[in-house]
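Colleague: Please see the structure below; I have some questions.
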Amino acid sequence: MRKAQNYQWKEMSLGTCYYPEHWDRKLWREDLDRMLANGIHTIRIGEFAWNKVEPREGEFTFDFFDDFLEVVAGTEMKVIFGTPTATPPAWLTDKYPEVLNCRIDGAKYRHGMRRHYNYNSKVYRELSARIVEKFGEHYAPHKSVIGWQIDNEINCEAAEFYSDSDTLAFREFLKKKYGTLEELNKAWGAVFWNQEYTQWEQIYVPRLTIHNSTNPHEMLDYIRFVSDSAISFCKMQSDILRKYIKPGDFITTNGMFQNLDNHEMTDTALDVYTYDSYPNFAYCLIEDPKHSKNLNDRRWSDKLTEVRSICPHFGIMEQQSGANGWNTRMEAPAPKPGQMMLWAMQSIAHGADYVSFFRWRTCTMGT
1 MRKAQNYQWK EMSLGTCYYP EHWDRKLWRE DLDRMLANGI HTIRIGEFAW NKVEPREGEF
61 TFDFFDDFLE VVAGTEMKVI FGTPTATPPA WLTDKYPEVL NCRIDGAKYR HGMRRHYNYN
121 SKVYRELSAR IVEKFGEHYA PHKSVIGWQI DNEINCEAAE FYSDSDTLAF REFLKKKYGT
181 LEELNKAWGA VFWNQEYTQW EQIYVPRLTI HNSTNPHEML DYIRFVSDSA ISFCKMQSDI
241 LRKYIKPGDF ITTNGMFQNL DNHEMTDTAL DVYTYDSYPN FAYCLIEDPK HSKNLNDRRW
301 SDKLTEVRSI CPHFGIMEQQ SGANGWNTRM EAPAPKPGQM MLWAMQSIAH GADYVSFFRW
361 RTCTMGT
């Protein structure tokens, strides 16, 4: 195992998330200069831009980010590149619908949001490996690139997976763990309510049951399987990137999300761990009807302590600096005066060596 203590920022530094694909090219240099003038020396890019490099299957073009990095190279700005696997392009999901994740009732999630894929689709793993290879081979040598973020917010929004690919992979996970159906039936207490299995093909990822009450022993193995699948997907990308990154550059991902052993993922695949801190989510995700405004943003900071337990030299890849966006923008609106500074200092006080604000410009679309 790798121990994610191999990388540490030399000094406290600030960054921001930037989306050059959203803005007119005439703004690029102006934005970079303004960032630097305000103490921001690192940007994260690329994590939602698969189509910019592979607009059609097997057709690769590097012109867009080459042009942007040429502008970056004329400044002192540094770049963390994201791999784009969190948002598969429409050409991919249309041609290969088997890559899509499903609800527990088997209905597929469709193109139009993000994180609608499943980790265990062989096609998706192959195409993900190929695009990561292309990104790493072409962009990792660039002098301005100092690190890589794998995917984006692994297990965010979708922390349960019910596709046919997941069922097949779940069976293999159980065969490896138990060896025989006799041992599995014993461990799961399957004699209760006549749940015993006589063939591996009878086992599926959890499905709809009466009262939505699935065998708890099966559910525990299923959650461990989801974590194992996510870590495997992350490590696949990490192994590819390590062939190309320069000495001293780092690999990370941003978290923390459900049904995922972040300690194991970090030790297995990463050099440093980063967290996405959105304290205003506390007001729409924490149920506290008696005290609906009971300083929930301060309570949210306990997650920073957990992050430090995963990696003592952690960073913040996304520090809230505006309304959350998407469908929670009204439930978790823009910070009040002073809150942005408060939240950033919370992160630093808990040990963050790097704080990157989300995002540089308020998005004009998609929110």
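Heads up, the sequence shown stops at 367 in the working numbering, and the numbers go up one at a time, no gaps. Using N, Cα and C, we set each Cβ at its ideal position, and we do this for glycine too.
Just to confirm the assignment, what range does the beta strand (DSSP E) spanning Cys-17 have?
Modeller: Within the sequence shown, numbered from 1, the residue matching residue 17 stands at position 17. Counting along the chain, the beta strand (DSSP E) containing Cys-17 begins and ends at 13-17.
Colleague: So, does the stretch 141-149 touch the stretch 79-88, judging by three or more C-beta pairs under 8 Å?
Modeller: Output reads yes: the stretch 79-88 touches the stretch 141-149.
Colleague: So, do the stretch 316-323 and the stretch 234-250 have three or more beta carbon pairs nearer to each other than 8 Å?
Modeller: no
Colleague: Classify Met-317: buried if its beta carbon has 16 or more other beta carbons within 10 angstroms, exposed otherwise.
Modeller: On the sequence shown, position 317 is the one that residue 317 refers to. Burial call: buried.
Colleague: Look up Phe-48 in the DSSP assignment and say whether it is helix, strand or coil.
Modeller: The residue labelled residue 48 in the question sits at position 48 within the sequence shown. Here Phe-48 sits in coil by DSSP.
Colleague: Alpha carbons only, please: which of Tyr-7, Gln-8, Trp-9, Trp-23 is nearest the one belonging to Cys-363?
Modeller: Position 363 of the sequence shown, counted from the start, is the residue given in the question as residue 363. Residue Trp-23 is the option with its Cα nearest to Cys-363.
Colleague: Could you work out which residue in Ser-121, Val-145, Lys-186 is closest to Phe-233 when comparing CA atoms only?
Modeller: Taking the first residue of the sequence shown as position 1, residue 233 is located at position 233. Nearest option by C-alpha distance: Ser-121.
Colleague: Apart from the five residues on each side of it in sequence, which residues of its chain come closer than 7 Å, Cβ to Cβ, to Lys-52?
Modeller: Locating residue 52 in the sequence shown gives position 52, counting from the first residue. Excluding sequence neighbours, Lys-52 sits near Glu-21, Phe-64, Phe-65.
Colleague: Can you tell which of Tyr-354, Thr-252, Met-365 has the C-alpha that lies nearest to the C-alpha of Lys-404?
Modeller: Any property of residue 404 remains undetermined from this structure, which presents the chain solely from 1 to 367.
Colleague: So for Leu-342, helix, strand or coil by DSSP?
Modeller: Counting from one through the sequence shown, the residue named residue 342 turns up at place 342. DSSP places Leu-342 in helix when its eight states are reduced to three.
Colleague: What did DSSP end up calling Met-317 once you bin it into helix, strand or coil?
Modeller: Residue mapping note: residue 317 aligns to position 317 of the sequence shown, counting from 1. In this structure, Met-317 counts as strand in the three-state DSSP scheme.
Colleague: Leu-69 and Gly-39 look like a contact to me (Cβ under 8 Å); what is the Cβ gap, rounded to whole Å?
Modeller: As a first step, residue 69 is located in the sequence shown; it is residue number 69 there, counting from the start. As a first step, residue 39 is located in the sequence shown; it is residue number 39 there, counting from the start. With 8 Å as the limit, Leu-69 and Gly-39 do not qualify as a contact, their Cβ atoms being about 22 Å apart.
Colleague: Use the C-beta contact count for Asp-271: other C-beta atoms within 10 angstroms, 16 or more gives buried, fewer gives exposed.
Modeller: The residue labelled residue 271 in the question sits at position 271 within the sequence shown. That one is buried.
Colleague: Report, in whole angstroms, the separation of the C-beta atoms of Ile-43 and Met-12, which I expect to be a contact under 8 Å.
Modeller: As a first step, residue 43 is located in the sequence shown; it is residue number 43 there, counting from the start. As a first step, residue 12 is located in the sequence shown; it is residue number 12 there, counting from the start. The pair is not a contact, with the Cβ atoms about 17 Å apart (cut-off 8 Å).
Colleague: Spatial neighbours of Phe-161 within its chain, please: C-beta separation below 8 Å, excluding the five flanking residues on both sides.
Modeller: For the purposes of this step, residue 161 is taken as residue 161 along the sequence shown, with counting starting at 1. The answer, listed in chain order, is Asn-101, Cys-102, Asn-118, Tyr-119, Asn-120, Val-205, Val-226, Ser-229.
Colleague: Which runs of the beta strand (DSSP E) fall wholly inside the stretch 200-275 and span at least 3 residues, in chain order?
Modeller: 250-252
Colleague: Determine the contact status of Val-307 and Tyr-275, defining contact as a CB-CB distance below 8 Å.
Modeller: Indexing the sequence shown from 1 puts residue 307 at position 307. Indexing the sequence shown from 1 puts residue 275 at position 275. Closer than 8 Å, so yes.
Colleague: Hey, Ile-104 and Arg-207: beta-carbon distance below 8 Å or not?
Modeller: If you number the sequence shown from 1, residue 104 lands on position 104. If you number the sequence shown from 1, residue 207 lands on position 207. Result yes, Cβ atoms of Ile-104 and Arg-207 sit closer than 8 Å.
Colleague: Nearest to Met-256 by alpha carbon, out of Arg-25, Thr-75, Cys-311?
Modeller: By one-based count along the sequence shown, residue 256 stands at place 256. Answer by Cα proximity: Cys-311.
Colleague: Just the C-alpha distance for Met-341 and Val-72, rounded to the nearest angstrom, thanks.
Modeller: As a first step, residue 341 must be located in the sequence shown, where it is residue number 341. As a first step, residue 72 must be located in the sequence shown, where it is residue number 72. Each residue's alpha carbon lies about 27 Å from the other.
Colleague: Taking C-alpha atoms, which residue in Phe-170, Thr-209, Asn-194 lies nearest to Ile-203?
Modeller: Translated into positions along the sequence shown, residue 203 becomes position 203. Of the listed residues, the one whose Cα sits closest to Ile-203 is Phe-170.
Colleague: Can you name the residues that DSSP bridges to Ile-146?
Modeller: Taking the sequence shown and counting its residues from 1, the one referred to as residue 146 is at position 146. Answer is none; Ile-146 lacks a bridge partner.
Colleague: Distance check for Arg-56 and Tyr-124, CA to CA, integer angstroms please.
Modeller: Reading the sequence shown from its first residue, position 124 is the one you call residue 124. Reading the sequence shown from its first residue, position 56 is the one you call residue 56. Cα to Cα, Tyr-124 sits roughly 15 Å from Arg-56.
Colleague: Once the 5 residues before and after Thr-252 are set aside, which same chain residues still bring their CB inside 6 Å of it?
Modeller: Here residue 252 refers to the residue found at position 252 of the sequence shown. Here the set comprises Gln-149, Leu-270, Val-272, Thr-274.
Colleague: So the alpha helix (DSSP H) Ile-310 belongs to, where does it begin and stop?
Modeller: What you label residue 310 is simply residue 310 of the sequence shown in a count that begins at 1. Here the alpha helix (DSSP H) through Ile-310 covers 302-310.
Colleague: Have a look at Arg-131 and Ile-231 and give me their C-alpha separation to the nearest angstrom.
Modeller: What you label residue 131 is simply residue 131 of the sequence shown in a count that begins at 1. What you label residue 231 is simply residue 231 of the sequence shown in a count that begins at 1. Just to set this straight, residue 131 is Ile in the shown sequence, not Arg. Going by the C-alpha atoms only, they are around 18 Å apart.
Colleague: Inspect the beta-carbon positions of Lys-260 and Ile-154 and report whether they are closer than 8 Å.
Modeller: Position 260 of the sequence shown holds residue 260. Position 154 of the sequence shown holds residue 154. Per the sequence shown, residue 260 should be read as Leu rather than Lys. Yes, these two residues count as a Cβ contact at 8 Å.
Colleague: Three-state secondary structure (DSSP) at Thr-42?
Modeller: Along the sequence shown, one-based indexing puts residue 42 at 42. In this structure, Thr-42 counts as strand in the three-state DSSP scheme.
Colleague: Helix or strand or just coil, what does DSSP make of Ile-80?
Modeller: Counted from its first residue, the sequence shown places residue 80 at position 80. If DSSP states are grouped into helix, strand and coil, Ile-80 belongs with the strands.
Colleague: Quick one, are the C-beta atoms of Ala-187 and Gln-258 less than 8 Å apart?
Modeller: As a first step, residue 187 is located in the sequence shown; it is residue number 187 there, counting from the start. As a first step, residue 258 is located in the sequence shown; it is residue number 258 there, counting from the start. No, the Cβ-Cβ distance between Ala-187 and Gln-258 is not below 8 Å.
Colleague: Within 10 angstroms of its Cβ, does Met-1 collect 16 or more other Cβ (buried), or is it exposed?
Modeller: Numbered from 1 along the sequence shown, position 1 holds the residue referred to as residue 1. Any reading at Met-1 must be qualified, since the residue scores a pLDDT of 44, below 50, and its modelled position is unreliable; the value itself is stated next. With fewer than 16 other Cβ atoms within 10 Å, it is exposed.
Colleague: Which same chain residues, not among the five before or five after Ser-347, have their C-beta less than 7 Å away from its C-beta?
Modeller: Taking the sequence shown and counting its residues from 1, one reaches residue 347 at position 347. The answer, listed in chain order, is Ser-277, Leu-304, Ile-316, Gln-319, Val-355.
Colleague: In terms of residues, what are the limits of the alpha helix (DSSP H) holding Phe-281?
Modeller: The count along the sequence shown starts at 1 and reaches residue 281 at position 281. Taken as a continuous stretch (DSSP letters only), Phe-281 belongs to no alpha helix (DSSP H), as it is neither H nor E.
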